[in-house]
Amino acid sequence: MTHLEFVVEFKDGSRDWLDPVDHSGVTEDDTNIVVEHHNDYVYTYEKSKIDRWTIRPYDPDTTYMTIEEYS
2 MTHLEFVVEF KDGSRDWLDP VDHSGVTEDD TNIVVEHHND YVYTYEKSKI
52 DRWTIRPYDP DTTYMTIEEY S
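Residue numbering for the sequence shown follows the numbering used here, starting at 2 and increasing by one per position.
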């Protein structure tokens with residue numbers, strides 16, 4: 002199984018990331034993105050504050066890259 006990370010970039014320019022994540026642990030509704038982390042913690046991100054988000058392979062050399070830089 003590939004080690005994945007969730008990366009979110011906010012409209013205010015800040016970022017957050019969680020790893021490891023699984024695609025099935027990330028859900029989205031009209032107002033929020035909910036990320037389950039290690040089945041122990043649940044993080045809720047308000048979509049109105051998010052510029053963009055992605056799930057990508059984790060790599061220590063790229064984890065601090067923005068979503069645009071990684072693409």
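We treat Cβ as the ideally placed atom computed from N, Cα and C, and that holds for glycine.
What first and last residue would you give for the alpha helix (DSSP H) that runs through tyrosine 65? Within the sequence shown, numbered from 1, the residue matching residue 65 stands at position 64. Element bounds for tyrosine 65: n/a, residue is neither H nor E.
Return helix, strand or coil for tyrosine 59, following the three-state DSSP convention. Translated into the one-based positions of the sequence shown, residue 59 becomes position 58. Three-state DSSP puts tyrosine 59 in coil, outside helix and strand.
So, using beta-carbon positions, are isoleucine 51 and phenylalanine 11 closer together than 8 Å? As a position in the sequence shown, residue 51 is number 50, starting the count at 1. As a position in the sequence shown, residue 11 is number 10, starting the count at 1. For the 8 Å CB-CB criterion, isoleucine 51 and phenylalanine 11 form a contact.
Are the CB atoms of isoleucine 56 and valine 22 within a distance shorter than 8 Å? Here residue 22 is taken as the residue at index 21 of the sequence shown, counted from 1. Here residue 56 is taken as the residue at index 55 of the sequence shown, counted from 1. Yes. Within cutoff.
Close-in-space but distant-in-sequence residues of the same chain around proline 58 (CB under 8 Å, 5 per side omitted): Within the sequence shown, the letter at position 57 stands for residue 58. Within the same chain, proline 58 has close Cβ partners Thr3, His4, Leu5 and Glu6.
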